[in-house]
Structures are given as C-alpha cells and as structure tokens.
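J.: So the protein sequences, as listed, match chains L and R.
If you count by my numbering, then the first sequence holds residues 748 to 1231, one letter each, in order.
If you count by my numbering, then the second sequence holds residues 172 to 509, one letter each, in order.
Even glycine gets a Cβ: it sits at the ideal position worked out from N, Cα and C.
Keep in mind it's a predicted model, so treat the numbers as computed, not measured.
Can you read through this structure? Questions will come right after.
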Amino acid sequence: MSNPNHGPDAYLREEMLPEMPPPPRETGMVKWLHENLFSGPVNAGLTVLGLLIVWFLFDHFYPWFAHSVWNASSLPECRKIIAETWGEGAGGACFAVIRERWNQYIYGFYPPGLYWRPTLVFGLLFVALAPILFSISRNIRRIVLLTAAIVTVLSLVALNTPPIWLGVAVAIFAVALLVAERRQMWLLGFSAFYPLLGVWLIWGGSFWWIIMILAGMGFGSLAFIIAGRLSPLLAGSSAIVVTLLVWVFLSGDAAKDAENLYSLAIARVDSEAIGGFLLAITIGVAGITMSLPLGIVLALARRSDMFLVSSLAVIFIEFIRGVPLITLLFVAQLLLNYFLPPGTSFDIVLRVIIMVTLFAAAYMAEVIRGGLAALPTGQYEAADALGLDYWKAQRLIVLPQALKISIPGIVSTFIGMFKDTTLVAFVGLYEPLKNISDAVRANIEWKGIYWEPFIFVGAIFFIICFSMSRYSMYLERRLQRDNR
Amino acid sequence: MKRTVFWGALAVTAMTAGAAAADTLSEVKNRGELNCGVNPGLVGFAAPDANGNWAGFDVDLCKAVAAAVLGDPGKVKYVPLTGQTRFTGLSSGEVDLLARNSTWSFSRDTDLKLDFAGVNYYDGQGFMVRKDLGVTSTKELDGATICIQTGTTTELNLADYFKANGMEYQPVNIDSNAEGEQQYMAGACDAYTTDISGLAATRAAFADPENHVILPEVISKEPLAPAVRHGDNNWGDIVRWTLNALIAAEEYGITSKNIEELAKSSENPEVQRILGVTDDLGAMIGLDKEWAKRAIQASGNYGEIFAANVGEQTPIGLARGLNAQWTQGGLLYAQPFR
C-alpha cells in the first residue's frame, strides 16, 4: 500500500497492533482498590486499621448474635439453652424477650383484644399520606397503597379483627386504590378526616363526638358563607367564633344525648394504656403534621413587617428553642396541674403532644426562615410586580420555592423530633426505649436483660428514620428544576 | 446540682399551690378511681406484667386502699412516676397516694410537705461485690469504684458513710437499676450499692449468683413508706390505718382465707373491731364498717402480701428480717384499733 500523493514513505505501518487489555493496575477491582483504599502509604495504613476495627467488632459481636435464642420464657431459661447448645461460658443474645413481649414494645398496655384498632389506624395513615407525599408519581402511589393495603389487611386478619371492621378496612383500601388512580385529590378529603378517625379509633369512645366536632366545623363554614356576603374580614372571624361556640356549648351535650339515643361507641382506652411504638408514632405523626404548618406561620410571622407579630414570633421561637424539651415535658406533666382548676384531668398524652409540637414548630420556623432568606429578593419583587397580595404571593411564589430549599432541614427536624419522642420516658409514659424495657425487666423472668431490647427498638427507629431520610432525597430529586 | 434546684423550685410552687385539693377522700369517691403513684418497674415492688396488670408489694397497698375506700381493689389507676417526678407528682395532685418505695426522711416529711402514713418496708442500703475481690466487709472498700444511682438517698448515704469512716471512693453514676447491673457486670465498678432488697433481686437475676456476695453491713436506714399530701389529715389517716389493718391482720391471724369465718365467729374484740363486727371505726374516717375487711381481702394481710411478692418462696427470696411482726423480733407494730 503506498501513498499516491507523496514519494516513497520512510516508514509505513503495514499492520495494526491488536487491541490489548488495559494493564491490570488500571482496571477493575485492582484499580478501584488502588484508587480508593491503597493510594499511598498513609491511606493503606488507614485502610488496614479500618479493616482491623471492623474485624474486631465482627469478631466480638458475631458469636453473641449467632448464639441468639428466640424460644424461651425467661432469661435463666435462655442462659440454660445457650449453655447446653454452645457449651458452658458461651455468651449469647436472648431475643426471646422480644418474642415474648413484642406486643408491649409495639402497643404498650393497650388491651390485646383491641390491637387491631391502632393497626388499622397505622395502615390508614398511608392512605391519608398518599395524596400528600406521593402526589407526583402514580406508580409509586400505587405501590405504596397496595403494599399498605395488603400488609394491613393481613395483620388485621391475624389480630382477629371483628368482621365488620375488616370489611370497613377492605372497603376503604379498595376505594382509595381506585380513587388514587384517577382522582387522587379526592383522597385529600380522607386525609383531612383521618386525624379525627385516628383519635377515635385509638382512644375509643362515642363516634358522636366526632360527628359533633364536624358539625361545629359545618356551622363555622356556614357562618363563613353568610358573613362573607357582608364583609370578607367578618367571614373568617365569625367562622372561628361560631365553631368554637358550637364546640364549647353544644357539642358535648348533643353528643351525649345522641349517644343515649343511638349508641355509636367503641370501647374506651385510657392514655395510660398507650405505650411502645404506638405512643412514639402517635406523638411523632401528630407532632410532625402540626408542627409544619405552625412552623410556616411562625417563620412568616418572624419575617413580618408588623412589629407586634414579629416580636411575638421571636419571643416564642427563642423561648422554646432556649429551653430543653425535657423541661417542657415536666411542665406539661406537673406544672399545668397547678394552673388548671382542681379536678380537671387533661389527658397526659395530649399535653405531651402539644409540648412536642410547640418544640418542633420553633425549630421548624427557623429552618423555613432559612429557606425564605435564601430566596433571591427578585422573587419577592416579582410577586409584588404581578400585583399579588401578601397571602397569594406567599402561597404561589415564595413558599413553594422556600420549602423546596428547606426540605433537608425540615426532614432533619422531623427525624430529630421522632427520636425525641423517647424523652417522654421522663414523664412516666411508656415509650419503647426505656420505660417499656424497664417494665419488662421489672418482671423477675426478664430481670438482667439489657442489650436485646435496645437493639430491637433501635432497629425499628432506624427503619422509620431511614425511610424518612430516603423519602426526602426522593422528593429533592423530583423537585429538582436546575434553574439556579 | 441544677436538677436539685429545679425540683426545689417546683416543690416551693407545690407548697404555695398545694392545698388545692383539700378533700382527697370525696374527690377519689367522685372519681370512682384511686390514682396511685408507683415505680415504673421495680422487681417485687411494682411491675406491669405482659398484659399490663400491675403486681407487686407496693401495688398491693394501692389495692388495699382502693378496696377500703371504693370497695373494689381493681379501681386503681397506676401512675408510674420516676425518681425525679414522684414527689412533685404527689403534691401537684397527679396522684392521691404515693406507694413508690420512697424513704421516709426528715426533709421529705417537712420541707417537701409530705405526710408519710407508716412504714411498709424496712430496707437498708448495702453493697454487692464479686467474690473474687476478696472483700468481706465494707470497711475494706477504701478507694473502690462504686456504682451509685443518682438522685436517691443512697447517694447521700454513701457519701456520709465513707466520710465518717475516713475512706475514699470513686463514684460511677448510673441512672437506673438495669444500667447499674450492666456496669457492675462489665466491671466498671468494684461494688454496686442500693437497697438490700434491690441487691437481692439483682443478684438473683445474675447468671452466676454464687460469684457475688452482699456484704453484711447495712449502712443506712431506709424506711420505705407510702406518702400523701400534707394538709389532708383524714386522707392520711385512711392510708395509715389501712396499712395498720394489714399489719394487725397478720398479728391476729386474719388471712384472706379465713376472714369471712373470723368475721362471724371470732371472739377477739380487737379482731371484731377491725372487721367491723362491733363498733363502727370506719365512720370516724368517713368510711363504712367493713373498710378494713375489704382492705385485707384485697390481697391478704401483710404477711401474705410479703410472701407473694418478695418472700422466700419467690425468686427474690427476701427474709422477713426487720419486717417481721414485733412479736417475732421485727419492727412491725400496728397501733391498737380502739
């Protein structure tokens, strides 16, 4: 082969070298190891040290896990089984305590015959959350709802739910699945009704109370419509006044009378009976759902131009943030009794929920204020230039962007708050980490057990908190607009 | 330290506002339920079982009082109170009666405005050590590390005792009994100190109880007593005499088994008065004739309660010791029913 344009070539490559694989150092496993673990003497040393630590931990704890006993009725029995199976002196975990007492870790001292009620409430939580958390993707919504429906119904069957309620549960899930396919916004109606339903199912009592509370709201919105014809300012305030008046003066008696006429009551359960993860999740969910709106309002108030509004918000936020949560809980348990008239008993779980909510709301307000501050002034000015009033500007322009920026902070606050629910141990409520474990240990069969409950409870906390964290990352990805 | 100040402040608030509930008896009757403050979990004294039913030595006193006042030992709401919140819980009206293994001491009786209704368990502080430590007396514990629960009288006793004997110690502060056991087992401390009853229960739960000894010295007096609020003397009387009825019942041989029979046939005038056969003692404290009979029926007399919860037949295996009747060389001495 010669080049027609030039003279004879000094050197002409006659054949192509075959492609060679890259040198072993630059490929695959070896390259990865070289780059990530052994790139230099210091890093190599650190890697070896790390591996040694991992090995040490594994070596230390593996036998303990491997010698787990799941079937025993007391700690001495556990020890006997371990000694018989793995020889005298062998250590081993006694997870039998979880097997024996799992119900108390999950439900506290809730009456065992009624376990299906909190379980149903937990399952329906996903229906209530679906249109809020999974509104973007129909696919994910379908998966979440279907999983929740199947798991809940199976659990309900296992817990001997009365057939009527099993039917109700199946019906709600079926309708929710259908509605979620086409008209998911309709599910928001269920989400709004869910808190009342949840409270009723967990604490029991007469359903007439729920109806009367709804009736109060109904009268309130009626007042809103009527007064709204006169003046928009009057509408809001009269709606609130009418609702409160109905609640205070009419609802109680009406509910009692209605209950006497036709009973819609289910067995009442005292707050003292509520414990374990039922308590932690109840406080957590209630605190999370209430602290977010409250936090938004506080953040807006703090940035408000109105002196009184902003200083009140500052005082509230700084006071709550300056006080440890435990102090607030003690106030809820003990000091409130001095201020309330003697003889009134104000549900301890409710008191704790209020305090936890206020605490989380103060932190939430600061997180959201960070989001508001991060928004360029141009956005505010653009909203003004469009002629939007304050609330419209916040709702349509400012908050969607500010909240998106704050997602990691908001979810961090949620996670922190959920873990803080274990602090209610200090006011004598049976949260799963300390008091349930102490109560279990106070029975002579399980006295002396220590790590196993911690591991079990820690694992469940991890699952819940990790899910929240993954959800927030998913949300951040979905909301990514790459416009900055 | 800060915590102490905080609780002190709360207690002062309690004093000024405390007399809010003046007539506990009618309040309890109206409510139809006795709010009883108990330990959230102490082996033998108060613990909920797998179904949430409370049982224990202190719990049985709650039941007896409920039976005397309301006629039903089941009408008790158990309010678990932690070591830090127990006295404030009582003075704030959260509970009517505190039966929570609390030591009767001067400052609690006076400064904290509590009324102790009589001792239901005579305890004392002791030490547990590993046998291979070779220690046979607390006097040999100079320089030892000692696991001690904070916020209790045991903490103060420990300091007093070592100071009085010119010895040094290194405290390892713990928060709960379970943590103390763990620290002690892990070798974080040479000795573990708490009330002897607690030590016995702890030792019984060890995998190797034979390798641990409870030293013979008892370094403090811990009269555990049920408490009520200052200022409602009638309610205090009810609790005091309910406890006395349980103790007297053992002395006179009234048990939950033979009580009906004795009520019919006993010739002993004291027994007749206790059981309401003659004289109406109940009316003097605002109760009916058979109040004490019901209290004894609830879970038996003092001896039966002791045997069922912490006695030698239970895994805890406590001997009666100081808690025997005065006729048996113990300290239990019920005032006469007359």
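Pairs of beta-carbons, one from the segment 430–449 of chain R and one from the segment 196–206 of chain R, closer than 8 Å: are there three or more?
T.: The segment 430–449 of chain R vs the segment 196–206 of chain R: no contact.
J.: Buried or exposed for residue 801(L), please, with buried defined as at least 16 other CB atoms from any protein chain shown within 10 angstroms of its CB.
T.: Exposed is the call here.
J.: Please check the pair residue 328(R) and residue 397(R), which I expect to be a contact at CB under 8 Å, by giving their CB distance rounded to whole angstroms.
T.: The Cβ separation is near 21 Å, so there is no contact.
J.: Buried or exposed: residue 383(R), going by 16 or more other Cβ atoms within 10 Å of its Cβ?
T.: Flag for residue 383(R) reads buried.
J.: Do residue 446(R) and residue 466(R) come within 8 Å of each other at the CB atom, strictly closer than that value?
T.: Cβ atoms of residue 466(R) and residue 446(R): not closer than 8 Å.
J.: What residue from 955(L), 866(L) and 1014(L) has the CA that sits closest to residue 906(L)'s CA?
T.: Minimum Cα distance to residue 906(L) is reached at 866(L).
J.: Scan the segment 1163–1177 of chain L for residues whose Cβ lies nearer than 9 Å to a Cβ of chain R and list them as they occur along the chain.
T.: Of all residues in the segment 1163–1177 of chain L, 1172, 1173, 1174, 1175, 1176 and 1177 have a Cβ within less than 9 Å of some Cβ in chain R.
J.: Write down the C-beta distance between residue 1034(L) and residue 949(L) rounded to the nearest angstrom, noting that I regard them as a contact closer than 8 Å.
T.: Rounded, the Cβ-Cβ distance is 15 Å, inconsistent with contact.
J.: Quick check: is the beta carbon of residue 1141(L) nearer than 8 Å to any beta carbon in chain R?
T.: Not an interface residue.
J.: In three-state terms, what does DSSP make of residue 498(R)?
T.: Helix, per DSSP.
J.: Can you find the residues in the same chain that come closer than 7 Å, C-beta to C-beta, to residue 478(R), ignoring five residues on each side of it along the sequence?
T.: Cβ neighbours of residue 478(R) beyond the five flanking positions: 484.
J.: Which bits of chain L does residue 341(R) rub up against, with CB to CB less than 8 Å?
T.: Simply none; closest approach about 23 Å.
J.: For the candidate residues 1076(L), 1058(L) and 1064(L), whose alpha-carbon lies nearest to that of residue 1041(L)?
T.: If we check each option's Cα against that of residue 1041(L), 1064(L) comes out closest.
J.: Name the chain L residues that come within less than 7 Å of residue 259(R), Cβ to Cβ?
T.: Going along chain L in sequence order, the residues near residue 259(R) (Cβ under 7 Å) are 1081.
J.: Which of the three DSSP states is assigned to residue 1085(L) in this structure?
T.: DSSP places residue 1085(L) in helix when its eight states are reduced to three.
J.: Counting contacts by CB-CB distance shorter than 8 Å, is residue 354(R) in contact with chain L?
T.: It does not; no Cβ of chain L falls within 8 Å.
J.: Could you tell me whether any Cβ in chain R is nearer than 8 Å to the Cβ of residue 1195(L)?
T.: Interface residue, yes.
J.: Of all the CB atoms in chain L, is at least one closer than 8 Å to the CB of residue 248(R)?
T.: Yes, its Cβ sits closer than 8 Å to a Cβ of chain L.
J.: Starting from residue 393(R) and walking both ways along the beta strand (DSSP E), at which residues does that stretch end?
T.: Counting along the chain, the beta strand (DSSP E) containing residue 393(R) begins and ends at 393–395.
J.: Which residues, taken in chain order from the segment 482–502 of chain R, show a beta carbon closer than 8 Å to some beta carbon of chain L?
T.: The residues in question are 485, 486 and 487.
J.: Note the first and the last residue of the continuous beta strand (DSSP E) segment covering residue 1151(L).
T.: Unbroken run through residue 1151(L) is the alpha helix (DSSP H), 1146–1167; no beta strand (DSSP E).
J.: Taking 8 Å as the CB-CB cut-off, is residue 790(L) touching chain R?
T.: Residue 790(L) does not count as touching chain R.
J.: Please decide whether residue 369(R) counts as near chain L, where near means a Cβ-Cβ distance under 8 Å.
T.: Not closer than 8 Å to any Cβ of chain L, the Cβ of residue 369(R) fails to qualify, so no.
J.: Distance cutoff 8 Å, beta carbons only. Does residue 1185(L) sit that close to anything in chain R?
T.: Cβ-Cβ to chain R under 8 Å: yes for residue 1185(L).
J.: Beta-carbon of residue 265(R) versus every beta-carbon of chain L: anything under 8 Å?
T.: Residue 265(R) counts as touching chain L.
J.: At a cut-off of 7 Å, is residue 271(R) close to the ligand MG when judged by its beta-carbon and the heavy atoms of the ligand?
T.: Ligands displayed in this structure: none; no statement on the ligand MG is therefore possible.
J.: Ignore the nearest five residues each way along the sequence and tell me which others in residue 480(R)'s own chain have a CB closer than 6 Å to its CB.
T.: Hits under 6 Å: 215, 227 and 228.
J.: On the DSSP bridge assignment, give the partners of residue 341(R) in chain order.
T.: For residue 341(R), which the question treats as bridged, DSSP gives the partners 316(R).
J.: Check the Cβ of residue 211(R) against every Cβ in chain L and list those closer than 7 Å, keeping chain order.
T.: Simply 1175, 1182, 1185 and 1186.
J.: Closer than 9 Å, Cβ to any Cβ of chain R: which residues of the segment 894–918 of chain L, in chain order?
T.: If the cut-off is 9 Å between Cβ atoms, the segment 894–918 of chain L has nothing near chain R.
J.: Are residue 920(L) and residue 896(L) closer than 8 Å when you measure CB to CB?
T.: Yes, the pair counts as a contact, with Cβ atoms nearer than the cut-off.
J.: List the residues of chain R that residue 1019(L) touches, going by C-beta distances under 8 Å, in chain order.
T.: Per Cβ cutoff of 8 Å: 248, 249 and 250.
J.: What does residue 347(R) reach in chain L if we use C-beta pairs closer than 7 Å?
T.: Within chain L, the residues near residue 347(R) are 1185.
J.: Any idea what DSSP makes of residue 292(R), helix, strand or coil?
T.: Looking at residue 292(R) - three-state DSSP - the assignment turns out to be strand.
J.: Using a Cβ cut-off of 8 Å (strictly closer), state whether residue 1190(L) contacts chain R.
T.: So yes, residue 1190(L) belongs to the interface.
J.: By how many angstroms is the C-alpha of residue 951(L) removed from the C-alpha of residue 957(L)?
T.: Their Cα atoms are separated by approximately 11 Å.
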